[in-house]
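Residue numbers (the working numbering): 25 to 177.
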């Protein structure tokens, strides 16, 4: 059975990184810093709000400046997942606030959209089959104007 804290940490990390390129970023960054600050206490230190915000900004800049942003995005998700797992291990009371933040941010993110494009052609007596995406069906194209070849096609 999966560890609920690990699942929440992964969900939160993915949501945080997804927010980096959206209008939800400033509120997300402030919310993450607030959670780390409350868990770490009022003393300035490695988990102070300002330090967390600076680390989040570096993550966002790495993605924005990357030649391969998807690879860097995945690396940042891993990095923040680990930090969030550590946070919840050291401060279990942060879980509820993190869960609330994730839900609030997810509502601000644009919906995930997928688009498939497929081009299918049948030529010279050929037959082409195509299916794409959930709930798709097979479409059969047969060029009836071209006479069959020697092998009967």
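Cβ coordinates follow ideal geometry from the N, Cα and C atoms, glycine included.
Check	Outcome
Run of the beta strand (DSSP E) containing residue 151, from where it starts to where it stops	151-154
Cα-Cα separation between residue 60 and residue 91, rounded to whole angstroms	30 Å
Residue 93 versus residue 86: straight-line alpha-carbon distance, rounded	8 Å
Runs of alpha helix (DSSP H) wholly within the region 28-61 (minimum 4 residues, chain order)	28-43
Span separating the alpha-carbon of residue 123 from that of residue 36	8 Å
Reduced DSSP secondary structure (H/G/I, E/B, other) of residue 96	helix
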